[in-house]
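Each remark here refers to the structure printed beneath this line.
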Amino acid sequence: MDTSASSALRHDWKTDEILALHELPLLELVGMANAAHRAHHDPNRLQKASLLSIKTGGCPENCAYCPQSAHHRDVELTRERLMDPAKVIDMAATARSAGAERFCMGAAWRQVRDGRDFDAVVEMVAGVRALGMEACVTLGMLKPHQAERLAEVGLTAYNHNLDTSPEFYGKIITTRTYQDRLDTLATVRSYGIELCCGGIIGMGESVRDRASMLQTLATMVPHPESVPINALVPVAGTPLAGRAPIDPLELVRMVATARLVMPASIVRLSAGRSSLNREAQILCLIAGANSIFYGDTLLTTPNAGIGEDAELIAAISTPFRAGDLSSKENPSHQTRAEA
Ligand code: SF4
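Note that the sequence shown covers residues 1 to 339 in UniProt numbering.
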C-alpha cells in the first residue's frame, strides 16, 4: 500500500478518481484511509462537538430532508424563537462540563437578519469563546459585514453544508442554488473563519453524486477544516420520509473516501450515527472519522445518547484487559444483548 500517495494534500481531484477510490474493495479502502488518517492526526484523538438548535423551525428554505422547513406542513415540530444568549451560554458551559470542546449553534434561517437577531448570535459566540470552547454557527446565507463581525468576536467555524452534488442539488432544494452556497462559503473564508462543510448520503443520490460532492469539497483551497458526513435520518412529514436507511457500510465508504481526499481535515460522523451499532461507529473511526456530535439530539433529530457515547469512548480509549469482552464483566454489553 502506498501510504505517501494516500496522505498528500491535493486540490486537483477529479470525480472519476474519487469514484474509483470509493469503489475499492472495502478492506483496501479502509486500510488506505486509516493510513492517511494516521499521517495527519493522532489516531486516538476524537473531537467531541455539541450541537444546539438556537432557533427552531419555520425556515423558508425547502430542503427535502429537513423537518424545520416551513414547506413541510405535516411535520410535527414545535417552532421556537431565537433563544436568549444567556441561556445558550449556560448550555455551552454544561456541554463543556460533559466533555464537549466545540459548541455548534444552528438557526433555521435562510439568512440572518441584521439587528436584534444577529446581535444576539454575536453575543452567543463571544460567550462561548469566553468559556474557552470553539464556537461554530450555522445561520444560512451570510453577508460580508456579518462574517467580519463574527470573525471579530472569535467565531471558530461557520457550518454551511453543500448537502449533495451540484448535479443532484435541484432534487433536494429549489429555494436556493448551489452557487449561493459556494458564495457564502467564499465570504466566510475571506474573513479567516474556518469552514465546516459536508453533506448527506441516502437521499436518493447516485454514488457518482457522492463522489461529485466530495470533488467540490476536495478542490477547495484550503480544504474545509471540518467535513461532516451525515446519513439521512428520514423524518415523517418531509418529502424524504419514505427513504430506506442506507447500509452502514455505505457510510464507512463515504467517510473513508472523504478522509483520503481531504486527509488533514476533521471528518465528523454526524446525523445518522444513532442508527449505527457500536462496531459500525468504530469502523467509521478506523476509516478516518475523528469527530462526533455528542448529545441527545442533532438540531431536531435523535442522536446517540451521552451514555452510549461515553460507552463508545470508553471502548476505544481504555486499555484492554482480559475478560473485558465477557458479558458478565461488561454491563454495557449485557444491556445490549438484553435489549
Ligand atoms: S436545512 Fe437549514 S436551510 Fe434547509 S430547511 Fe432546514 S433549517 Fe432551513
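The beta-carbon is built from N, C-alpha and C at its ideal position, and this holds for glycine as well.
For A20, verify whether its CB is less than 6 Å away from any heavy atom of ligand 1.
no
| Secondary structure of P239, DSSP reduced to three states | coil
- Query: Of the residues F293, G307, G288, I292, which one's Cα is nearest the Cα of P43?
  - Reply: G288
query = Excluding the five sequence neighbours on either side, which residues of its own chain have a C-beta within less than 7 Å of the C-beta of Y191, listed in chain order?
reply = A147, E148, A151
Listed by chain order, which residues have C-beta atoms less than 5 Å from any heavy atom of ligand 3?
-> Ligands in the displayed structure: ligand 1; ligand 3 is not one of them.
From R116 to L185, what distance separates their C-alpha atoms?
24 Å
What whole-angstrom Cβ distance do W13 and Q215 have, given they're in contact under 8 Å? 5 Å
Just to check my reading of the structure: I172 and Y65 have Cβ atoms closer than 8 Å, yes? What is that Cβ distance to the nearest angstrom? 7 Å
Review point. Hey, how far is the Cα of T187 from the Cα of H145?
Key: 9 Å
Identify, in the order they occur along the chain, each residue of the same chain with its Cβ nearer than 6 Å to the Cβ of V112, setting aside the five sequence neighbours on each side. F118, L139
Worksheet item: Are at least three pairs of beta-carbons, each pair with one atom in the region 250–260 and one in the region 71–84, less than 8 Å apart?
Response: no
Query raised in the report: Between the region 268–282 and the region 21–39, are three or more C-beta pairs nearer than 8 Å?
Result: no
Once DSSP output is grouped into helix, strand and coil, what is the label at C104? strand
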